[in-house]
Structure formats: C-alpha cells, structure tokens
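Accompanying notes for the structure given below.
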Amino acid sequence: MTADGALPEPTLDVLVTQLAAQALMQLGEVPNPLSGQPEISLDRARFTIGLIEVIEATTRGNLNPPQDRHLKETLARVRAKYQARL
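Structure representation (structure tokens):
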C-alpha cells in the first residue's frame with residue numbers, strides 16, 4: 887500500500903516484491919501477519935522462489951533496465967536467504 891493507504895499500481899515490480907515478501911515469510915525472515923510468529927516452510931519457499939524464476943525466464947530480454955535489475959536483485963536476495971536455511 888502507499889502512504890495514503892491506496893493500493894499501488896499493479897506492475898511487474900509489485901508482483902516480484904509481493905512474491906519475495908511471501909518467500910521471506912515462508913523462510914521465517916518475516917513473521918506471519920496472522921500469528922505474529924515466524925514460520926518456516928522450505929517447500930513453500932522453494933515453490934515461491936520458483937515462481938519468481940518463471941517470471942525471470944519468461945521476461946528475459948523484454949524488461950527495461952530498472953525492472954531487470956529489480957528482478958535479478960530480488961531473486962538473488964531470496965535465493966541467498968533460502969540457501970542460508972538449508
């Protein structure tokens with residue numbers, strides 16, 4: 887959400903960010919908003935990271951530089967967090 891409570895424009899960056907946030911929650915890096923407790927589900931995190939990888943593969947060569955950078959940096963960040971949990 888934006889500062890005024892409005893939903894952001896649906897964009898690729900927002901989609902990637904939301905998937906990354908979901909993966910971080912599944913890795914226990916962010917507490918579950920319902921329970922307030924960290925919960926770890928490596929299988930679900932791997933699946934969510936896989937979804938981001940599908941976006942990367944599908945959009946390869948079709949993104950502008952800021953989108954490409956955001957996607958690659960976000961994917962690298964969640965992959966590193968996943969590897970740290972193994």
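Here the sequence shown stands for residues 887 to 972, numbered as in the numbering used here. All residues carry an ideal CB built from backbone N, CA and C; glycine is no exception.
* Mind the definition here: the segment 931-947 touches the segment 955-964 only if three or more C-beta pairs lie below 8 Å; say whether that holds. => yes
Neighbour-count burial assignment, ALA962, 16 or more Cβ in a 10 Å radius: Residue numbering aside, residue 962 sits at position 76 when the sequence shown is read from its first letter. Looking at its Cβ environment, which holds fewer than 16 other Cβ atoms inside 10 Å, ALA962 is exposed.
#### Entry: Exposure of THR897, with buried meaning 16 or more beta-carbon neighbours within 10 Å
The residue you call residue 897 lines up with position 11 of the sequence shown. Flag for THR897 reads exposed.
Looking at ILE941: is its Cβ nearer than 8 Å to the Cβ of ALA906? Here residue 941 refers to the residue found at position 55 when the sequence shown is read from its first residue. Here residue 906 refers to the residue found at position 20 when the sequence shown is read from its first residue. No. Outside cutoff.
* For the candidate residues ASN950, SER927, LEU920 and PHE933, whose alpha-carbon lies nearest to that of ARG971? -> Sequence index remark: in the sequence shown, residue 971 carries index 85 (1-based). It is SER927 whose Cα lies nearest to the Cα of ARG971.
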